[in-house]
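J.: All letters in the sequence shown, in the order written, are residues 1 to 542 by the UniProt record's numbering.
The beta carbon of each residue, even a glycine, is placed where N, CA and C say it ideally should be.
Next up is a structure, given as structure tokens.
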Amino acid sequence: MATTIFASTTGAYGQPPTPTPGSDLTTVPKEVLKDPEGTIRQVVPQQPVPVPSGTPREAPSAAQAHAPGVAKTFTGAPVGALVVDQVLPVGEGSTVRLRQEIDSVPVFGASVSQLLAKDGSLVSATGSLTQQSQGRFTTTTATQAVSATAVKAVAEQTKTPADKLATGAVKAYWYDAKLASAPDGKSVAVPAFKVTVTGDGKDKNKPSEFIVFVDANDNAKVLDSWDAAAHLNRVVCDAANKRVDLNSPVDPTECGTANGFKATRVEGRGPVGIADVDNVFGYFGNTEGFYAKNTQLPGNLTSYIGKDTGDGHGTALRGTVRICDVSECPYANAFWYNGHMAYGSGVTTEDITGHELTHGVTERVNGLQYRYESGAINESMSDIFGEFVFLADTANPCNTAANRWKLGACSSLGVIRDMKNPKAYRQPDTYKGTYWYTGSGDNGGVHTNSGVGNKAAQLLVDGGSHNGVNVTAIGLEKTAALYWTTQTLLTSNATYRTLGSALNNACKANVQNKVKGTTAADCTQVANAVKAVKMPTLNVAS
1 MATTIFASTT GAYGQPPTPT PGSDLTTVPK EVLKDPEGTI RQVVPQQPVP VPSGTPREAP
61 SAAQAHAPGV AKTFTGAPVG ALVVDQVLPV GEGSTVRLRQ EIDSVPVFGA SVSQLLAKDG
121 SLVSATGSLT QQSQGRFTTT TATQAVSATA VKAVAEQTKT PADKLATGAV KAYWYDAKLA
181 SAPDGKSVAV PAFKVTVTGD GKDKNKPSEF IVFVDANDNA KVLDSWDAAA HLNRVVCDAA
241 NKRVDLNSPV DPTECGTANG FKATRVEGRG PVGIADVDNV FGYFGNTEGF YAKNTQLPGN
301 LTSYIGKDTG DGHGTALRGT VRICDVSECP YANAFWYNGH MAYGSGVTTE DITGHELTHG
361 VTERVNGLQY RYESGAINES MSDIFGEFVF LADTANPCNT AANRWKLGAC SSLGVIRDMK
421 NPKAYRQPDT YKGTYWYTGS GDNGGVHTNS GVGNKAAQLL VDGGSHNGVN VTAIGLEKTA
481 ALYWTTQTLL TSNATYRTLG SALNNACKAN VQNKVKGTTA ADCTQVANAV KAVKMPTLNV
541 AS
């Protein structure tokens, strides 16, 4: 049974008194949810906390006004400050994401999502913040030694010559091992530089993009590193089965650049008669249409994740089809990378397109780290939205009862995952159940452990019984809206425990904000789906 950490007198009909303007999250009755280590991850006041008198009710101003109380609640003695980063509409209200900064330098993976009502009052706060900092930056400008250390680390890790690697952006961050999802990491933020290193020759399925953290005060010391690559105006290019080196430091697959390929079909031009080109062009439009109808993505999909390469076609959803690697032709995969899509021949299906474009959305909305449980959730979100786009397209001849929930059906790859029956493809359908992967391969099993999230989504759309728990269907539209709100609440280092709580919280938010007719009865089914796959939830503080 849920308890609160503050006792309170109640008003009429047993309801807790409404907080007065000037109250903040530290002073009101609330439910506090913690992870197994005892760190606060979510706080829900018994009644929404109003904005202070004289504060504008617009979401950014309201969120900044709530920020000090939120920070103090999450960390005790505030560490740094919370700064508004992004505003995402949720029905009549909004989710405002705030990043944690120390001395104006961001803490990697540290953020709080404030769920606000339409009047700016605080409904809940979900997030992860560093609990303490150690040391200081002597400079926030990286030296060449930082890049050299990062390249050396990736070269040793992948057994690749250093001259085959290239560094991208280098930026100052506070690095907290726990917030970076490092195994057994502790929550202490230290000064570091985050370096992007590309092109490693390790994985022939996609060009790799490593994230490396180098100690800001010891430029020869690597703190952490991992392979982070996953992954309406339309521009589609045709590689015509030309072989390219996917491990080149310069992306050879980009659509609309001198190093890549020229446009084959652009907005306003009719079909060109090349199946892969025309398929992708249509599926880009369908995916944008699905997001426009079923989420409150700011602007549209093109403006949110599209890219302008300077080829005269502007910001666009871009994809190159029929690519071949120097060692593999036809190329049996597809990926989202560097702001665009790339496909091998025959893998230009609607669910795969929706999957990869959703990697771009996730990258922008919450930046789910591509490792361990957060990476599995990242993959699951792409599977979920990719399949939703496909299921919503009743005109697609591949959309049959036999292909429902089967990712990759009608592609040259064949079915690669089954969201209704994950075990059929050696994925778990239950948290830490059969086929749950515990090793470090595939970035901690991101393509395996995604089965748990996939099964939960399937149960919500279609209903069913799993592990002795019955789930009544709430349908595609409500489930899509639920997962969109959940995306806005998740932090970059989310686990299945935080996902379980976020799904329940997102449903309640959708009821309050009148999203797609969501009801309290629907939220009962969300709780049932979470329980059915044995997804854990955050612990209520006693």
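So which of V87, L246, V84 has the shortest CA-CA distance to N333?
T.: Residue L246 is the option with its Cα nearest to N333.
J.: Apart from the five residues just before and just after G201, which ones in its own chain have a Cβ nearer than 7 Å to its Cβ?
T.: Low local confidence applies: a pLDDT of 47 at G201 is under 50, so the model's placement there is unreliable, with the coordinate-based value given in what follows. For G201, where only same-chain residues beyond five positions count, the Cβ hits under 7 Å are T158, T160, K164, N247.
J.: Less than 7 Å between C-beta atoms, sequence neighbours within five positions excluded: which residues of the same chain meet that for V526?
T.: Once the five neighbours on either side are set aside, the close Cβ partners of V526 are L460, L482, L503, N504, C507.
J.: Could you tell me whether the region 260-271 touches the region 162-181, where touching means 3 or more Cβ pairs closer than 8 Å?
T.: No, because fewer than three Cβ pairs between the region 260-271 and the region 162-181 fall closer than 8 Å, the two stretches do not touch.
J.: Is it the case that the Cβ atoms of G453 and L499 are separated by a distance below 8 Å?
T.: Their beta carbons are under 8 Å apart, which means G453 touches L499 by this criterion.
J.: Please state whether the Cβ-Cβ distance between N217 and T141 is less than 8 Å.
T.: Going by C-beta atoms, N217 is not nearer than 8 Å to T141.
J.: Can you list, in chain order, the stretches of the beta strand (DSSP E) that have 3 or more residues and sit fully within the region 247-272?
T.: With a minimum length of 3 residues, the continuous beta strand (DSSP E) runs that stay inside the region 247-272 are 263-266.
J.: How is N539 classed by DSSP in three states: helix, strand or coil?
T.: Here N539 sits in strand by DSSP.
J.: Which residue comes first and which comes last in the alpha helix (DSSP H) that contains I352?
T.: Note, I352: alpha helix (DSSP H), 350-365.
J.: Does D429 pass the burial test, meaning 16 or more other C-beta atoms within 10 Å, or should it be called exposed?
T.: Classification of D429: buried, given that the 10 Å Cβ count is 16 or more.
J.: Tell me where the alpha helix (DSSP H) around R497 begins and ends.
T.: Here the alpha helix (DSSP H) through R497 covers 496-512.
J.: Please name the residue or residues paired with V83 in a DSSP beta bridge.
T.: Looking at the DSSP assignment, V83 forms a beta bridge with R99.
J.: Three Cβ pairs or more, each shorter than 8 Å: is that satisfied between the region 89-104 and the region 512-532?
T.: Touching, yes.
J.: As a quick exercise: from D325, E350, C255, pick the residue whose alpha carbon is nearest that of H313.
T.: Of the candidates D325, E350, C255, the one whose C-alpha sits nearest the C-alpha of H313 is C255.
J.: Can you give the Cα-Cα distance for H355 and G80, rounded to whole angstroms?
T.: Cα to Cα, H355 sits roughly 36 Å from G80.
J.: So what does DSSP say about V151, is it helix, strand or coil?
T.: Three-state result, V151: helix.
J.: For V280, which of helix, strand or coil comes out of DSSP?
T.: Helix, per DSSP.
J.: Taking C-beta to C-beta, are T302 and T287 nearer than 8 Å?
T.: Cβ distance not < 8 Å, so T302 and T287 don't count as in contact.
J.: For L413, which residues in the same chain have their Cβ closer than 7 Å to its Cβ, ignoring the five residues on either side in sequence?
T.: Within the same chain, L413 has close Cβ partners A332, V347.
J.: Can you tell me where the alpha helix (DSSP H) with I384 in it begins and where it stops?
T.: 372-392 is the span of the alpha helix (DSSP H), which, as asked, contains I384.
J.: Assign S363 to one of two classes, buried (16 or more other C-beta atoms within 10 Å of its C-beta) or exposed (fewer than that).
T.: Here residue 363 turns out to be Glu, not Ser, going by the sequence shown. Buried is the call here.
J.: Assuming F290 and G319 form a contact by the criterion Cβ under 8 Å, report the distance between their Cβ atoms to the nearest whole angstrom.
T.: Not a contact, Cβ separation roughly 17 Å.
J.: At the level of alpha carbons, what is the spacing between L357 and P45?
T.: Going from the Cα of L357 to the Cα of P45 covers about 35 Å.
J.: For my contact list, S111 and L98 are in at a C-beta cut-off of 8 Å; report their separation, rounded to the angstrom.
T.: At roughly 6 Å, the Cβ-Cβ gap stays under 8 Å, so S111 and L98 are in contact.
J.: Who are the near neighbours of T537 in its chain, counting only those whose CB is closer than 8 Å to its CB and skipping five residues on each side?
T.: So the list reads L33, R497, G500, S501, N504, V530, once near-sequence residues are dropped.
J.: Drop a sphere of 10 angstroms on the beta-carbon of M535, count the other beta-carbons inside from all chains shown, and report buried for 16 or more, exposed for fewer.
T.: It counts as buried.
J.: At 3 residues or longer, and completely inside the region 156-226: list those beta strand (DSSP E) runs for me, N to C.
T.: Fully enclosed beta strand (DSSP E) runs of 3 or longer: 166-176, 189-198, 209-215.
J.: Between the region 51-61 and the region 117-136, do three or more beta carbon pairs fall short of 8 Å?
T.: Verdict: yes, contact present.
J.: Which word fits E37, buried or exposed, when buried means at least 16 other C-beta atoms lie within 10 angstroms of its C-beta?
T.: Result: exposed.
J.: Considering only C-alpha positions, which residue in the set I474, H359, G306 is nearest to L232?
T.: Taking only the C-alpha atoms, the option nearest L232 is G306.
J.: Among D276, G375, T400, V235, whose alpha-carbon lies nearest the alpha-carbon of Y343?
T.: Taking only the C-alpha atoms, the option nearest Y343 is D276.
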